[in-house]
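Enquirer:
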Amino acid sequence: MALFLDQYTDIFALRKALDNKQISVKELTQTLLGDIKQHAHLNAFVDVQPALSLAQAEIAEQSLASGQGGALTGIPLAHKDIFVTEGWRTTAGSRILSDYRSPFDATVVQALLKAQTVSLGKLSCDEFAMGSGNEHAATGPVRNPWDPDVVPGGSSGGSAAAVAAGLVLGATGTDTGGSVRQPAALSGICGIKPTYGVASRFGMIAYASSLDQAGVMARSAADLALLLDAISGFDPRDATSIETCRGVANAPGRILSDYANFNATKNTPPLAGLRIGVPTEYFGDGLNNDVAQAVEQALVVLESLGAKRVSISLPNTALSIPAYYVIAPAEASSNLARYDAVRYGHRTETYTDLADMSARSRSEGFGEEVRKRIMIGTYVLSHGYYDAYYLQAQRVRRLIAQDFQRAFADQCDVIMGPVTPTVAPAIGSLSTDPTAEWLGDIYTLSVNLAGLPGLSIPCGFAPGHRSQPLPVGLQMIGNYFDEGRLLAVAHQFQLVTDWHQRRPGAST
Amino acid sequence: MSWEVVIGLEAHVQLATHSKIFSSSSTQYGAAPNTQANEVDMALPGSLPVLNRQAVEYAIRFGLAIGATVSPRSIFARKNYFYPDLPKNYQISQYEIPVVLGGKLQCFVDGEPLTFNLTRAHLEEDAGKSIHENFATPDGRPCSGIDLNRSGTPLLEIVSEPEMRSAAQAVAYARALHALVVWLGICDGNMQEGSFRIDANVSVRPKGQEAFGTRTETKNVNSFRFLERAISYEIRRQIELIEDGGKVVQETRLYDADRDETRSMRSKEDAHDYRYFPDPDLPPLIITSAWMAQVQAGMPELPEEMRRRFVKTLGLSSEDVAQLCNDRQTAQYFEAVASALPAGQAKLAANWVMGEVAAALNREENDIDACPLSAAALAKLLLRISDGTISNKIARDVFADMWANNTLDADAIIDARGLKQISDSDAIGAMVDEVIASQPAIVQEYRAGKQKAFNSLVGQVMKLAKGKANPGQVNDLLKQRLDS
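From first to last, the protein sequence lines stand for chains A and B.
For what it's worth, the working numbering labels the leading residue of the first sequence as -18, then goes sequentially.
For what it's worth, the working numbering labels the leading residue of the second sequence as 10, then goes sequentially.
1) Please go through the stretch 330 to 364 of chain A and give each complete alpha helix (DSSP H) segment of 4 or more residues, from N-terminal end onward.
2) Pull up the DSSP beta-bridge partners for B:Tyr264, would you.
3) Near A:Arg484, what residues of its chain come up, given a Cβ to Cβ distance below 7 Å and the 5 sequence neighbours on each side ignored?
4) May I ask you to report which of helix, strand or coil DSSP gives A:Asn125?
5) In whole angstroms, give me the CA-to-CA distance for A:Asp80 and A:Thr72.
6) Examine chain A for any beta-carbon lying closer than 7 Å to the beta-carbon of B:Asp267, and answer yes or no.
7) Relative to the C-alpha of A:Arg76, which residue among A:Arg352, A:Phe462, A:His446 is closest?
8) Please report the distance separating the alpha-carbon of A:Thr489 from that of A:Glu349.
9) Establish whether the CB of B:Gly137 and some CB of chain A are separated by less than 7 Å.
10) Is A:Val123 closer than 7 Å to A:Pro133 when the C-beta atoms are compared?
11) Identify, in the order they occur along the chain, each residue of the same chain with its Cβ nearer than 6 Å to the Cβ of A:Ser342, setting aside the five sequence neighbours on each side.
12) So, for A:Trp419: in the same chain, excluding its five sequence neighbours on each side, which residues have a beta-carbon less than 7 Å away from its beta-carbon?
13) Taking beta-carbon pairs under 7 Å, can you tell me which members of the stretch 290 to 319 of chain B lie near chain A?
14) Alpha carbon to alpha carbon, how far is B:Ile240 from B:Ala176? Give it in angstroms, no decimals.
15) Using 8 Å for Cβ pairs, my map puts B:Val500 next to B:Leu127. What's the rounded Cβ distance?
16) Can you name, in chain order, every residue of its own chain whose Cβ lies under 7 Å from the Cβ of B:Leu157, other than the five neighbours on each side?
17) Could you pull out every residue in the same chain whose Cβ sits closer than 7 Å to the Cβ of A:Phe64, ignoring the five residues on either side in sequence?
18) What's the call for B:Ile295, buried or exposed, on a 16-neighbour Cβ count within 10 Å?
19) Pull up the DSSP beta-bridge partners for A:Cys226, would you.
20) Provide the residue(s) that pair with A:Cys163 in DSSP beta bridges, ordered along the chain.
21) What do you reckon, are the CB atoms on B:Lys216 and B:Ser11 nearer than 7 Å?
22) In whole angstroms, what is the alpha-carbon distance linking B:Asp135 and A:Ile223?
23) A:Val65 versus chain B: which residues are under 7 Å apart at the beta carbon?
24) Please state whether DSSP places B:Asp208 in a helix, a strand or coil.
25) Give me the Cβ distance between A:Gly358 and A:Ala313, rounded to the nearest whole Å; I'm assuming they're in contact under 8 Å.
26) Quick check on A:Arg(-4): buried or exposed, where buried means 16 or more other Cβ atoms within 10 Å of its Cβ?
27) For A:Leu150, name the three-state secondary structure that DSSP assigns.
28) Can you give me the start and stop residues for the alpha helix (DSSP H) that B:Ile437 sits inside?
29) Between the Cα of A:Ile56 and those of A:Val27, A:Glu284, A:Leu93, spot the shortest distance and give me the residue it belongs to.
30) With DSSP run on the structure shown, which of helix, strand or coil describes A:Gly112?
31) Using a threshold of 7 Å, state whether the C-beta atoms of A:Lys95 and A:Asp28 are closer than that.
32) Can you give me, in chain order, the residues of the stretch 342 to 376 of chain B that have a beta carbon less than 8 Å from any beta carbon in chain A?
33) Can you pull the chain B residues whose beta carbon is under 7 Å from the beta carbon of A:Tyr371, in chain order?
34) What residue does the beta strand (DSSP E) around B:Gln23 start on, and which one ends it?
35) My guess is that B:Val59 and B:Phe31 are in contact by the Cβ rule of under 8 Å, so how many angstroms apart are they, rounded?
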């Protein structure tokens, strides 16, 4: 099934076609709405409103006609259903918000609207962003375009599937413990989560506030740079948003400028002087051999570009799982308390009193994974357990952040390794082992705990459960505010490789 | 057995900011339900709290005023509990590290100064209101309503040490605290609207025992009179209970003003586990010394300082200044009047502000802000007393006229009504002579040693002068003529 977007390698190619009037934004939008309908079996979209998308296309069109267009004018995107949107339903993948409509847009959504992108709708995600396979969505599992029997990853699984399938050229996602990087890796696309506080959390439905960070997903590092720059910047409506970091203002333009400056230095070879830290802890037991192989190959390519590989240690990596699964549920248990059926959201049919109404509505409205995490979170914050769990986890969190700072201080400029221990598992296989899903987050969690930027780009294939080739991701972790450099290094890699250009239809 | 009472108070002081503590909604009282609640106050998905700087500055002001430690770094925490008028189902408050620590407050009990220590003061948000009475769905079924206008209103919770030993002391502390927060301009002090709410922690112990008895917390006290009654009731109840062999249960009690009693609201067994933890939506509150200095520079003179100054520079008694400095507006009004009068006339100004002005305002149930007479206008009237143009008695007359007719020019009234005091010795002398000549019988009585007769003669002279004769001169001249 030929997809319209297959003819454009990236945003830049589509930009040229739009600017040259080879296609109008409205035609493009119409076509993509059709493609989305035809790919309903992926279950990636949860709300599509053609009239709203076409209205945005109209504005982009006019802007182009009057010469007011920007780099993203008319570019088709879609939003993870964790961002609140004025026109489209916002459900956070949950039954408890199945009919919820927000009276305002998230800051990230607003920023991309201001950049004149066209939104094609809302994308499925794990309920309240809790999950690693997009199987915990009220609307059912999302299918991976590379193989409909495997998960696309999660929690931004709908975003990953839509970009991988070629239904949009970019998508927003959120990353609390790997939810942008992991689905990007498992779906063979690119994804980046910036430094905590770079993108506003206003309008992003909270899962674990101290870890949640918006990110973007697309086909190439160059596309990511455009999109991430557009959603970055200090937001006075988010008290955890960064105003400046080491004297540098958090404002649009920063990431693109860092990115361009790095690529502009005509080093030969292009990555000369770059020290890549490779943590031994990221290559231990549990890492699938074929995945390790693909990552290793990528590192060899980067060395051929002049980078130097340094072995480093992040000794507290294993502790990131228990620390994360205490802190995130603790915050979630409180963040999700507002869904009580009093003011909005699902309300149970019959109840005896107020407490009963809330309890029943919540039991019906929340899925199993969410209920599980609320219970864990409630437990670890309880009187008598707080010090042993929550406080202890916060101490571990500091140690993990210190591990990274030690490495960046004098050993390396970027850290690289796998994103996930395996390729995408079969749909349904995770539910048999309740902790397997959690253990799969081992390489991504610590980045959130430390608040660092991290990205994932495709770096090869490895056999899946039926030996079918499935995408493997390479993770790059930078120091605070180093998004521009990370993206530039990824871009240099993509200049000499074509993993990011493989499309599901062609390769399988 | 004789008992000792131990009382500590918690005050919830609504800060007089224009907008809420974590949102831009207005805090104006009395608006139609739910018209002053935005996405943050309603806890819509995706909303985030942003701290109101003004609320912090008011907390700093309070900390500075009571000589407390203002924490350079304090933490906002979430207090988790489900209640339908608490939209997030957690309250953002401060728990382990509050913004204000310690401090002292001076108050007066029977004219004697007493100083109480404060434990802490912390910033938090108020909840909304549940409305259970007379509320129905549009189709007529009974239900509860929720008004979120108050949700997110900034509160400063001020906690005292358990140092008060009587209901009177507790009320004196509460009054002093109320006066201070209003003085500082951080609270409108309106107790009827709930801007200043007091919870009383009360326990009793046998005199001489060091360990505290079991305490109860009494809520819902919305006036000082009720505070006194609620505490007195609770003290009696606890003592009787123990003396009858019972035990005080740690619980929250509600004061019922209609029945003048407290009754159990919830016991400790129902107490919530609030699962406090630092709010990840709000970074630590950092208060730099520069910020504190800036707040300090904008502070009004404190009541204690003002009292001291009035005693020292104006020579007023401590009783007078205590009354004058009850509230800042009165103190400022007084000072404006006094400074427009010649040196040494401060007592005259004080008497009038506490006397005529206060009485007139009282009659109209107004406070000094609504005084129709400016300080300058009053000063002009008092100037005519001090320079002998009119007597104090005539001045009261003029004052009444000015007040009633909103005329601000005392001189114009004095002229128009011909009230100018007669201070001309010749004129007064002539009137004295006339009285002596026309009242030989009374003169006779006086000369026979009846002091009362003298007063009668003074009265006759004043009558002749239509009250306008300088009373001192009348006295002197009459005495002179009679005794010569």
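Think of the CB as a built atom: it goes at the ideal place given N, C-alpha and C, for glycine as much as any other residue.
Note that this is a predicted model, so its numbers are computed, not measured.
Expert: In terms of the structure at hand:
1) 335 to 346, 349 to 362
2) Answer by DSSP bridge pairing, in chain order: B:Thr271.
3) Asp(-13), Gly147
4) strand
5) 7 Å
6) Output row for B:Asp267: interface = no.
7) A:Arg352
8) In this prediction, A:Thr489 has a pLDDT of 38, which is less than 50 and means its spatial position is unreliable; nothing more can be read from the coordinates.
9) no
10) yes
11) Ala322, His327, Arg328, Thr329
12) Ile302, Tyr306
13) Asp290, Leu291, Pro292
14) 6 Å
15) Here chain B covers residues 10 to 493 and nothing more, so residue 500 of chain B does not appear.
16) Asn43, Ala46, Asp50, Met51, Pro96, Gly137
17) Ala87, Val89, Val90, Thr153, Gly184, Met185
18) It is exposed - the Cβ of B:Ile295 has fewer than 16 other Cβ atoms within 10 Å.
19) A:Val229
20) First, the amino acid is wrong: residue 163 of chain A is Gln here, not Cys. A:Gln163 pairs with nothing; no bridge assigned.
21) yes
22) The C-alpha of A:Ile223 is placed about 28 Å away from the C-alpha of B:Asp135.
23) Pro54, Gly55
24) strand
25) 5 Å
26) buried
27) Here A:Leu150 sits in coil by DSSP.
28) Where B:Ile437 is concerned, the enclosing alpha helix (DSSP H) stretches over 434 to 447.
29) A:Leu93
30) Residue state, collapsed to three classes: coil.
31) no
32) none
33) Phe286
34) 12 to 23
35) 6 Å
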